[in-house]
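Notes follow once the structure below has been shown.
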Amino acid sequence: MPELPEVETMCRGIACFRGEIIETALFPRHTRRASPIQPRPKILSSKLQGARITGITRLGKRAILSVTPANENNELFLIFEPRMTGLLLRVPPPTEKHVRLIARIKKYKHPLIFWDRRGLGTITMVDKSTFMSRFGNNALGPDALTASGPELYDKIHHSKRHIKVALLDQKILAGIGNIYASEILYAANIDPRTRCYRLSKDACARIASASSKILHHAIKHEGSSIGDETYRTADNRLGRYQRFHKVYGRDKNKCRRCKNDIQRIIQTQRSTFFCPSCQTRY
Ligand SMILES: [Zn+2]
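In our numbering, the protein residues as written are 9 to 290.
In structure tokens:
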């Protein structure tokens, strides 16, 4: 969790802060496990104080704030990786004790907050050259929202991995996690256990097209709040795309197309959901 649609929804939810000045940035101390923060909070606070937010974008499953510190011209990148339970909020958080960053923004009553219940999410600030060396040069695959069939085929046609496992690899496509990998393969009618090298160009085109369609639909419905409903929008509302899940979390329920049972299997220690009769194993 948070995958591409959820992180995109967070970025859109805090887009109002673009162009604004950060007055102060506080990193509350926690006795329990704290989110990894780099550089140290003291250095980060001083860089952010008075900085202008020049851009808010998504990169795969990360949210990136471009900031220009006060009295400096060089752009820095503040990277939020929510991992399991991280959220970017512009309203009061679900709990006070899991707040990892409070950035007060000029003219706004409520600060920008990074909240993370499990504390596995990360906050990192880097300069442009570090950003490019970490994320440039094919460090990430094409964005799963816009990737084409040929791009996907190029990345996977030599691989023996199962297609579901490959879709979770951010170097293949950026942004897909466990929920949307199952949903995309169901929409493309492909069995998640199919080995990548068995997939034709046509099958890769179907996966790319399903990926774009499902992720756009999920963004429209502001992502999926599943299980304990930890995932929230930037103004602390539930996502709605869970209502549209066709296979994820629906094992022992009937497939809506063929009325056979949806199955759950484990692939590389993660649950995969699929319909064995609708999804073809090549
Ligand atoms: Zn079916």
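Each residue gets a CB set at the ideal place from its N, CA and C atoms; glycine is no exception.
- For Arg272, the CB contacts under 6 Å within the same chain, skipping 5 residues up- and downstream, are Asp259, Ser279, Phe281 in chain order.
- Where Ser279 is concerned, the enclosing beta strand (DSSP E) starts and stops at 278 to 282.
- With respect to Leu160, Tyr290 sits apart: the two C-beta atoms are not nearer than 8 Å.
- The three-state reading of DSSP puts Lys55 in helix, counting H, G and I together.
- Restricted to the stretch 128 to 199, the alpha helix (DSSP H) segments that are unbroken, complete and at least 4 residues in length are 136 to 143, 157 to 164, 171 to 175, 186 to 195, listed in chain order.
- Among the bridge pairs identified by DSSP, Leu207 is matched with none.
- Not one heavy atom of ligand 1 is found less than 7 Å from the C-beta of Arg203.
- The Cβ neighbour count for Lys114, taken over all protein chains shown within 10 Å, is under 16; the residue is labelled exposed.
- Its Cα nearest to that of Leu193, the residue Gln287 stands out among Glu80, Gln287, Leu34.
- In terms of CA proximity to Lys168, Arg201 leads the group Asp151, Leu153, Arg201.
- Between the stretch 37 to 56 and the stretch 119 to 133 there are three or more C-beta pairs closer than 8 Å, enough to call the two in contact.
- Going by C-alpha positions, Ala211 is about 35 Å away from Gly21.
- DSSP places Val15 outside any beta strand (DSSP E); the residue lies instead in the alpha helix (DSSP H), whose first and last residues are 12 to 21.
- DSSP, reduced to helix, strand and coil, places Phe88 within a strand of the structure shown.
- Counting the other Cβ atoms within 10 Å of the Cβ of Lys69 gives 16 or more, which makes it buried.
- In the DSSP assignment, Thr76 falls within the beta strand (DSSP E) that extends over 70 to 76.
- Sorting Ala216, Leu176, Ala182 by C-alpha distance to the C-alpha of Gln277 places Leu176 at the top.
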